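S.K.: Mind looking over this structure? Questions follow.
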Amino acid sequence: MPDETTQPEQSQAEPEFTSGGLTAAARRFLKPEDIDPIGTFADWPIWLVSGTTLLAGLIGTVQPLLVRFEKHPKLFSALVPFELYHLSKTVELGFALLLIYLSFNLWRRKRTAWWMAVLINGLSATLQLLRIGGEHSIWLARKISEIDLPSYSAVPPILGCGFLLILRNHFRVKSESNSIRFAVLVSSVLIVVAIGYGTLGFWLLDKIDFGVSFSLRSCFERAISGITQLGNTDLTAHTRYARWFIESLQVVGYIVPVFVIASLFRPINYQLNTHPRERHLAEEILNKHGRTSLDRYKLLPDKSYLFSPDRQSFVAYKTENAIAISLGDPVGPPEKILEMTRQFLNYCHENGWSCAFMQVPAEFLPIYEELKLDVLKIGEDGVVDLASFCNETVNKKTFKSPIKKLERDGYKVVQSLAPHSEEELAELKAVSDEWLSLPGRRERGFSLGQFDKSELQHDTTYNLVDPNGKIIAFANQVRSYQPGEVTIDLMRHRVEVPNGAMDFLFAKMLLMLHQAGFTHFSLGLAALSGVGTESDATLQERAVHQIYEHMNRFFSYKGLRNYKAKFAPAWVSRYLVYEGGTPGLVRTTIAIAKATED
């Protein structure tokens, strides 16, 4: 009996062994031994490169405050035209700040950050070396007459370049290619507009503003100088308007690079685009290796798929907020689960995503722990022994009273085999619509199905019919991949139903399922049930237990557990596997909530 008030939905995708319409890199598979099991955390080469880049940025931030030009380096003058020797300290500071920004993206293994860091470190080191002998420290100038500061300040960017080139294979995380193309397009437009703005502005200035008149070519050149922060040091603003105009050029010059840099490092944008052949392959693998009642939802249209190179295993997932959420464990031969999990981790990390596995049983927890992932119990699945229920539980007062009363009043439960008539589907749709009109009821997804006539045409339904032959409630039987087990998806009723109607429906349905040869029935997840009660519970589990105990006025977790407990089920623990510690748990929880609402 799935929890329609708390459970989620599902996801989808594309390429040769993957679905989702991602980049070509997303289709590439590495050997398991090449996969970093903790890809979201930097190892020592990543710390070395990002730390060196950060140091170069910090030194570059301080240097403009400590030095000034004392003589014009001849090498600099020979190589660089347009008086670039007088490059403003704002530009020097900009290089330094950009290196600091890039260091954090290098820590995230961004490939785009690697390219930019090589370029900026190279330019920074070259600029320092060209100025050797031309700068001296302000605060030491009186004590030491010759301090060749640039030769020392060039060391961090040179080291940064060296480390970047040597350790280049560690930077594999892709950025969103569409965002990069969009950034380049918009940036080009902004540059044209900015230069046009500056050229027109100088052209329209009066002679009184700067004391000179400008030719069109001069306007163009000065606009470029102002926007690129090279400055127009030979101009003296004589009016407030002239001062504002020069400052506005600098502001325009900041906008374009900020927009470009912010756009370059977005994670790969998830796109849902699954091919029918991929879903068919997933179904074939499930028929061989499916294990739980949750596996059925891996075939719904909101899932993306990542397949192993031998097409014997797969992961069904959905991506929200740069977190790829797998519904349950990977599916495949037990001996291949570790390899498939590693492949999924690598796939996520290369696209700049974190990963999570939702509602997994305890069977493969050692694999997740081996890969250094975090594990949190999130509730329990109630599994009813049908023989015990039919022989004992159904005869207790909880079920005996409503069964006797409703049978006496002329109500009955009718098993309806697929396919269904249009008249019956229309009546089921009316029941569903009334149920959705109740407060707090709405269609959800990811780990629950939604009302769909085409899907119901493949399912057996159990309809509660009143004395007039009108359907007032129903549930649809769906497959569980656990041998001998069965479950349901939708459980809906009209606004007005007699007391005990759903108990009556379930009791009769479970009796019929037992007669049909099924041995167990899954009631679905009782969220937060049984979490944090053990003596060795983690801090996160104890926090979840407090939510379970004290937030029932908002979420009715206890009410759901108590209702399912009437069926005397065995409680099977379910877990959330995630990465990133407590901050990662918060992000994953938000992503799951969003996935279930889409």
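Per my numbering, the sequence shown starts with residue 1431, numbered consecutively. For every residue, glycine included, the Cβ atom is placed at its ideal position computed from N, Cα and C. The structure presented is a predicted model; accordingly, all values stated were derived computationally and were not measured.
(1) Kindly confirm or deny that the segment 1990 to 2000 and the segment 1778 to 1790 touch, where touching means at least three C-beta pairs closer than 8 Å.
(2) Take the Cβ of I1797 as the centre, count every other Cβ of all protein chains shown within 10 Å, and call the residue buried at 16 or more, exposed below.
(3) Would you mind reading off the limits of the alpha helix (DSSP H) that contains N1821?
(4) Buried or exposed: R2017, going by 16 or more other Cβ atoms within 10 Å of its Cβ?
(5) Nearest to R1670 by CA position, among D1639, N1662 and K1540, is which residue?
(6) Report the three-state DSSP secondary structure of D1578 (helix, strand or coil).
(7) Given E1854, which residues of its chain have a CB within under 7 Å of its CB, disregarding the five upstream and five downstream residues?
(8) Confirm, please, whether the CB-CB distance from W1544 to F1601 is below 8 Å.
(9) Check the Cβ-Cβ distances between A1624 and every residue of chain B, and say whether any is below 8 Å.
(10) Got a sec? Which residues, its chain only, sit under 7 Å from C1649 by beta carbon, not counting five neighbours each side?
(11) To the nearest angstrom, how far is it from the Cα of R1909 to the Cα of N1898?
(12) What does a CB cutoff of less than 7 Å around L1935 pick up in its chain, not counting 5 residues either side in sequence?
(13) Mind checking whether A1931 and H1944 have CB atoms under 8 Å apart?
(14) Tell me whether the beta-carbon of L1920 lies closer than 8 Å to the beta-carbon of F1948.
(15) From A1547 to Q1558, what distance separates their C-alpha atoms?
(16) Compare the beta carbon distance of P1586 and T1482 with 8 Å and say whether it is the shorter of the two.
(17) Can you tell me which of the three DSSP states T1771 falls into?
(18) For the beta strand (DSSP E) containing F2034, name the first residue and the last one.
(19) Who does C1785 pair with in a DSSP beta bridge?
(20) Output needed for L1816: all residues of its chain with C-beta closer than 7 Å, excluding positions within five of it in sequence on either side, in chain order.
(21) So does the segment 1953 to 1970 actually touch the segment 1744 to 1763, counting three or more Cβ pairs closer than 8 Å?
(22) With a 10 Å radius around its C-beta and 16 neighbouring C-beta atoms as the bar for buried, classify Y1684 as buried or exposed.
(23) For R1924, name the three-state secondary structure that DSSP assigns.
(24) I need the straight-line Cα distance from S1851 to A1860, nearest angstrom please.
(25) Checking the sheet assignment: what are the DSSP bridge partners for Q1845?
(26) Spatial neighbours of F1675 within its chain, please: C-beta separation below 6 Å, excluding the five flanking residues on both sides.
(27) Quick one: residues in its chain with C-beta nearer than 6 Å to the C-beta of E2027, no 5 flanking neighbours on either side, listed in chain order?
(28) Name the DSSP bridge partner or partners of H1950?
(29) Can you give me the start and stop residues for the alpha helix (DSSP H) that R2004 sits inside?
(30) Taking the alpha carbon of V1623 as the point to measure from, which residue in K1748, I1657, N1929 and R1772 has its own alpha carbon closest?
(31) Candidates D1473, D1804 and D1933: which alpha carbon is nearest L1836's?
(32) Return the residue from the list P1913, Y1841 and L1868 that minimises the CA-CA distance to D1896.
(33) Measure the C-alpha to C-alpha separation of R2004 and E1714 and round it to an integer number of angstroms.
(34) Reducing DSSP to helix, strand and coil, say where A1956 ends up.
(35) For V1479 versus F1593, is the C-beta spacing smaller than 8 Å?
(36) Rounded C-beta distance between G1762 and Y1911? I'm assuming under 8 Å.
M.R.: Taking the structure as given:
(1) no
(2) Your numbering for residue 1797 matches position 367 in the sequence shown. It is buried - the Cβ of I1797 has at least 16 other Cβ atoms within 10 Å.
(3) The sequence position of residue 1821 within the sequence shown is 391, counting from 1. Note, N1821: alpha helix (DSSP H), L1816 to N1821.
(4) Counting from 1 along the sequence shown, the entry for residue 2017 is found at position 587. Burial call: buried.
(5) Numbered from its first residue, the sequence shown carries residue 1670 at position 240. The shortest Cα separation from R1670 among D1639, N1662 and K1540 belongs to D1639.
(6) To locate residue 1578, count along the sequence shown from 1; it is residue 148. Residue placement at D1578 cannot be trusted, given a pLDDT of 48 that sits under 50; what the coordinates show is reported in the next sentence. DSSP places D1578 in coil when its eight states are reduced to three.
(7) Here residue 1854 refers to the residue found at position 424 when the sequence shown is read from its first residue. Closer than 7 Å at Cβ, skipping near neighbours: S1846.
(8) Within the sequence shown, numbered from 1, the residue matching residue 1601 stands at position 171. Within the sequence shown, numbered from 1, the residue matching residue 1544 stands at position 114. Yes, the pair counts as a contact, with Cβ atoms nearer than the cut-off.
(9) Among the chains of the structure shown, chain B does not appear; only one protein chain is present.
(10) Here the question's residue 1649 lines up with position 219 in the sequence shown. Around C1649: T1629, F1632 and W1633.
(11) Sequence index remark: in the sequence shown, residue 1909 carries index 479 (1-based). Sequence index remark: in the sequence shown, residue 1898 carries index 468 (1-based). Each residue's Cα considered, the two are about 31 Å apart.
(12) Walking along the sequence shown from the start, residue 1935 turns up at place 505. So the qualifying residues of the chain are V1843, Y1892, L1894, A1903 and A1905.
(13) Counting from 1 along the sequence shown, the entry for residue 1931 is found at position 501. Counting from 1 along the sequence shown, the entry for residue 1944 is found at position 514. Contact flag unset, no.
(14) Position 490 of the sequence shown, counted from the first residue, corresponds to residue 1920. Position 518 of the sequence shown, counted from the first residue, corresponds to residue 1948. No, they are not a contact pair.
(15) For the purposes of this step, residue 1547 is taken as residue 117 along the sequence shown, with counting starting at 1. For the purposes of this step, residue 1558 is taken as residue 128 along the sequence shown, with counting starting at 1. In a straight line, the C-alpha of A1547 is about 16 Å away from that of Q1558.
(16) Mapped onto the sequence shown, residue 1586 falls at position 156. Mapped onto the sequence shown, residue 1482 falls at position 52. Yes; because the gap between Cβ atoms is below 8 Å, this pair is in contact.
(17) Within the sequence shown, the letter at position 341 stands for residue 1771. Looking at T1771 - three-state DSSP - the assignment turns out to be helix.
(18) In this structure the chain extends from 1431 to 2028, so residue 2034 is not present and cannot be described.
(19) Within the sequence shown, residue 1785 is the residue found at index 355, counting from 1. In DSSP, C1785 forms a bridge with A1754.
(20) Counting from one through the sequence shown, the residue named residue 1816 turns up at place 386. Taken in chain order, the residues that qualify are L1940, L1943, H1944, F1948, T1949, H1950 and F1951.
(21) no
(22) The residue given as residue 1684 occupies position 254 in the sequence shown. Its Cβ having fewer than 16 others within 10 Å, Y1684 is exposed.
(23) Taking the first residue of the sequence shown as 1, we reach residue 1924 at position 494. The answer is coil: DSSP assigns R1924 none of H, G, I, E or B.
(24) Position 421 of the sequence shown, counted from the start, is the residue given in the question as residue 1851. Position 430 of the sequence shown, counted from the start, is the residue given in the question as residue 1860. Spanning the two alpha carbons is a distance of roughly 14 Å.
(25) Here residue 1845 refers to the residue found at position 415 when the sequence shown is read from its first residue. Partner(s): Y1892.
(26) Reading the sequence shown from its first residue, position 245 is the one you call residue 1675. Result list for F1675: G1631, in chain order.
(27) Reading the sequence shown from its first residue, position 597 is the one you call residue 2027. There are no such residues.
(28) In the sequence shown, residue 1950 corresponds to position 520, counting from 1. The partner list for H1950 (beta bridge, DSSP) reads D1815 and E1915.
(29) Mapped onto the sequence shown, residue 2004 falls at position 574. Careful: R2004 lies outside any alpha helix (DSSP H), inside the beta strand (DSSP E) at A2000 to Y2008.
(30) Stepping through the sequence shown from its first residue, residue 1623 is reached at position 193. If we check each option's Cα against that of V1623, I1657 comes out closest.
(31) Residue mapping note: residue 1836 aligns to position 406 of the sequence shown, counting from 1. Closest option to L1836, Cα to Cα, is D1933.
(32) Here residue 1896 refers to the residue found at position 466 when the sequence shown is read from its first residue. Taking only the C-alpha atoms, the option nearest D1896 is Y1841.
(33) The count along the sequence shown starts at 1 and reaches residue 2004 at position 574. The count along the sequence shown starts at 1 and reaches residue 1714 at position 284. Going by the C-alpha atoms only, they are around 25 Å apart.
(34) To locate residue 1956, count along the sequence shown from 1; it is residue 526. Strand at A1956.
(35) Counting from 1 along the sequence shown, the entry for residue 1479 is found at position 49. Counting from 1 along the sequence shown, the entry for residue 1593 is found at position 163. Yes, the pair counts as a contact, with Cβ atoms nearer than the cut-off.
(36) Along the sequence shown, read from residue 1 onward, the residue named residue 1762 stands at position 332. Along the sequence shown, read from residue 1 onward, the residue named residue 1911 stands at position 481. About 13 Å separates the two Cβ atoms, so there is no contact after all.
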